[in-house]
Ligand SMILES: [Zn+2]
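Numbering (our numbering), first residue to last: 7 to 442.
Following this line, the structure appears as C-alpha cells:
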C-alpha cells in the first residue's frame with residue numbers, strides 16, 4: 007500500500023531524534039510556563055527556575071501533575087504565558103461547576119494545531135480532492151474548528167455543517183458529493199437509520215470515510231457504522247485542554263491512534279499512585295504540551311483511561327499508538343458527543359424555587375441517539391393548580407437546561423416522594439445506554 011504523509015520527516019522520525027526534539031521543545035515550554043502565575047510558583051518549588059534546569063526528559067518527573075481543578079482555579083488568566091495582544095483565539099470548556107477552563111492560542115499555536123489535523127487527515131488516506139462535511143458543533147467547543155482548519159490546509163472542500171438537522175445534512179451530502187465526514191458515533195448511526203426515511207440510497211452518496219470522535223464507542227459500533235454506510239471509519243482522540251481533536255488519530259491500518267509526540271509528551275500513569283506505567287499497561291493518560299506558547303500545560307491529568315499499543319505500525323510512523331479510550335476516572339457523562347457533568351444539571355434545576363430536593367438524570371438510546379430525561383420533583387401544591395402553569399414551568403426548566411448544557415433534554419415533573427430516595431450517596435444518574 008502506498009502511504010501518504012503530510013510531514014514525512016517528522017511523522018517517521020526515528021525515536022532517538024524524536025526524544026531530542028521533545029527535550030528541546032520541553033525546555034521551550036518550561037520557558038513559557040515560567041511566565042504564568044501558576045507554574046512560576048510550582049516550578050520554583052520543584053527547583054526549576056529556568057529552562058536550563060531541565061537536562062533530560064526524566065526531569066519531567068520532578069514536575070507535579072496539573073489537574074482540571076488547577077485550570078479552573080487559574081481562570082481566567084493564571085495560565086496565560088504570552089501578552090494578551092498575541093492571543094488570537096480562545097476556547098473554553100462548558101463550565102461544569104460554574105468555572106470553565108480556558109485555553110488561549112497564538113497564531114503559531116493555531117498553525118501547529120492545524121498541521122496536526124492535516125497529518126491526521128492525510129494519514130487516513132484522504133486527499134485534497136475529498137469533500138469534507140464537518141458535523142461537529144462549531145464554537146467554543148473544539149470539535150468543529152479543529153478539523154475544519156486541518157481539512158482546509160489539506161485543500162479539501164469543507165462544508166461547515168455543524169451538528170444536527172439530519173435532513174439538511176443528508177441533502178448536503180448528496181448535493182455536494184461529500185466523501186469524508188467528521189461526526190459523533192451516535193449521530194453516524196442516526197444518519198444511517200434516516201437515509202431510507204428521506205428516500206436517499208447509499209448509491210446516491212459519495213461517502214467513503216468517517217472520522218469519529220467526542221464520545222467513547224466500541225469496536226462493534228465502528229464495524230456497524232462501516233457496514234451500514236459502506237465506508238472506512240477512523241478513531242480520533244483529543245481533549246480540549248490539548249487543543250481538541252488532533253492529539254491522536256488512526257492511520258489507514260486502523261490499529262490504534264498515533265499520538266503526535268513532537269507536540270505532546272504522553273505518559274500513562276496509575277491513577278491512584280501516580281506512578282508511570284509501561285506500554286501495554288492501562289492507566290490514566292497524562293499530557294504535556296510541547297509546542298504551545300499561550301497556554302503551556304505540564305503533566306496534565308486527562309482522567310481518560312487507555313494504554314499504549316506496543317510495537318511498530320506498518321505505516322512507518324514512529325509516533326506511538328493509543329488504544330481506544332476505555333473509560334474515565336470521573337463522573338462526566340458524554341451525551342451525543344457533548345460533555346455534561348451531573349452537577350451542571352443540578353445547578354440549573356435547583357435554581358427553581360418550585361423544585362424540591364430530589365431529581366434524577368436518566369439517559370437512554372432512542373433511534374441511536376442519546377436521550378436525556380431530567381426528572382424533577384416539585385412541590386405538591388403545584389399539582390393542584392393550573393395545568394398550563396405546570397407546562398410553563400416545565401418549559402422554563404427545559405430552556406435553562408438547554409442554555410447551560412447545550413443539549414435538549416426532556417423534562418418530567420413528578421410529585422414529591424415519587425422518585426427513588428437514597429440513603430447516603432444518591433444514585434442520581436441512571437444510564438440505560440447499552441454498555442460498550
Ligand atoms: Zn500507522
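Glycine included, every Cβ here is placed at the ideal spot set by N, Cα and C.
- For the pair residue 112 and residue 299, the CB atoms are nearer than the 7 Å cut-off.
- Checking the DSSP bridge columns, you'll see residue 273 partnered with 292.
- The nearest non-hydrogen atom of ligand 1 is 6 Å or more from the C-beta of residue 313.
- Sixteen is the threshold: when 16 or more other Cβ atoms of the shown chains lie within 10 Å of the Cβ of residue 115, as they do, the residue is buried.
- Distances from the alpha-carbon of residue 216 to those of 153, 203 and 440 put 153 closest.
- Residues 139, 165, 167 and 184 of the same chain have their beta carbon placed closer than 8 Å to that of residue 178, with the five preceding and five following residues left out of the count.
- By the beta-carbon neighbour count (other beta carbons within 10 angstroms, threshold 16), residue 415 is buried.
- Around the beta carbon of residue 426, fewer than 16 other beta carbons lie within 10 angstroms, which makes this residue exposed.
- Taking 7 Å as the cut-off, the beta carbon of residue 78 is found closer than this to the beta carbon of residue 105.
- Setting aside the 5 residues that flank it on each side, residue 220 is surrounded in the same chain by 149, 190 and 343, each with a C-beta closer than 6 Å to its C-beta; the list follows chain order.
- Within the same chain, Cβ atoms closer than 6 Å to the Cβ of residue 146 are found at 97 and 98, the five residues on either side in sequence being excluded.
- About 6 Å separates the Cβ atoms of residue 324 and residue 18, confirming a contact at the 8 Å cut-off.
- Counting along the chain, no beta strand (DSSP E) covers residue 439, and no H or E run does either.
- Looking at the DSSP output, residue 111 sits in a beta bridge with 95.
- With a threshold of 16 other beta carbon atoms within 10 Å, residue 374 meets it and is buried.
- DSSP lists 137 as the bridge partner or partners of residue 163.
- Counting other Cβ atoms within 10 Å of its Cβ, residue 434 reaches 16 or more and is therefore classed as buried.
- Residue 256 carries a strand assignment under DSSP once its states are collapsed to helix, strand and coil.
- Following the DSSP letters along the chain, one finds residue 196 in no beta strand (DSSP E) but inside the alpha helix (DSSP H) bounded by residues 191-200.
- Comparing alpha carbon positions, the residue from 382, 335 and 348 closest to residue 358 is 382.
- In the three-state DSSP reduction, residue 21 falls in the helix class (H, G or I).
- Between residue 156 and residue 195, the C-beta spacing is not below 7 Å.
- Put simply, of 295, 309, 162 and 188 the residue whose alpha carbon is nearest the alpha carbon of residue 87 is 295.
- The beta carbon of residue 109 sits closer than 6 Å to those of 97 and 301, all from its chain and outside the five residues before and after it, given in chain order.
- Annotation for residue 198: 234 and 235 place their beta carbon closer than 6 Å to its own, counting only its chain and skipping 5 residues before and after.
- Between residue 406 and residue 388, the C-beta gap is not smaller than 7 Å, which leaves the two residues out of contact.
- Taken through DSSP and simplified to helix, strand or coil, residue 393 comes out as helix.
- Judged by their CB atoms, residue 225 and residue 240 are not nearer to each other than the 7 Å cut-off.
- Ranked by Cα distance from residue 439, the first of 408, 379, 370 and 391 is 370.
- Taking 4 residues as the shortest admissible run, the segment 7-91 contains the following complete alpha helix (DSSP H) segments, listed from N- to C-terminal end: 14-17, 21-39, 43-51 and 74-79.
- Per DSSP, residue 154 has no beta-bridge partner at all.
- Looking at the DSSP output, residue 418 shares a beta bridge with 381.
- For the set 27, 283, 228 and 212, the Cα lying nearest the Cα of residue 261 is the one of 228.
- Between the segment 126-136 and the segment 326-341, the count of Cβ pairs shorter than 8 Å is below three; the stretches do not touch.
- Ranked by Cα distance from residue 174, the options 201, 151, 163 and 162 are led by 201.
- Under the three-state reduction of DSSP, residue 339 is assigned to strand.
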